[in-house]
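Reviewing the structure listed below.
In mature numbering (1 follows the signal peptide of the UniProt record, and there is no 0), the protein residues as written are -20 to -1, 1 to 96.
As structure tokens, then:
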């Protein structure tokens, strides 16, 4: 049973509650493509979501050695960036620029174009 749902039955007005003991988590299960409320309840369906495993939302990052290597290149569509800065798919990049250069638009178009 989901610990958030079982704990919700004992919560009353004026009672101090928190998530320090279990932490906020996300279950991996059959909720793909469905509307879900914050307490793991589906408004359109009967019953609750069944999760095969639960993961913390804010978990520590894996160590550098245990991470997978980036092999597949990501083409941004901007020749100036592609020729100077090789970017791999799945790699994190920091993009810095002036406010007038529309960096957010260029970055989002490269992400959308690179997802194919």
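Backbone N, C-alpha and C fix where the C-beta goes; we use that ideal spot for every residue, glycine too.
Practice item. Kindly list the residues whose CB is nearer than 8 Å to the CB of residue 51, restricted to its own chain and excluding five residues on each side of it in sequence; keep chain order. Key: As a first step, residue 51 is located in the chain shown; it is residue number 71 there, counting from the start. Cβ neighbours of residue 51 beyond the five flanking positions: 68.
Report task. Figure out for me which residue from 64, 70 and 80 has the closest Cα to the Cα of residue 47. Result -> Locating residue 47 in the chain shown gives position 67, where the first residue counts as 1. Ranking the options by Cα distance to residue 47, first place goes to 70.
**OP:** Establish whether the CB of residue 49 and some CB of chain B are separated by less than 8 Å.
**Re:** Absent from the structure: chain B. Only one protein chain is present.
- Query: When DSSP builds the beta bridges, which residues end up paired with residue 70?
  - Reply: Taking the chain shown and counting its residues from 1, the one referred to as residue 70 is at position 90. According to DSSP, which records beta bridges pairwise, residue 70 is partnered with nothing at all.
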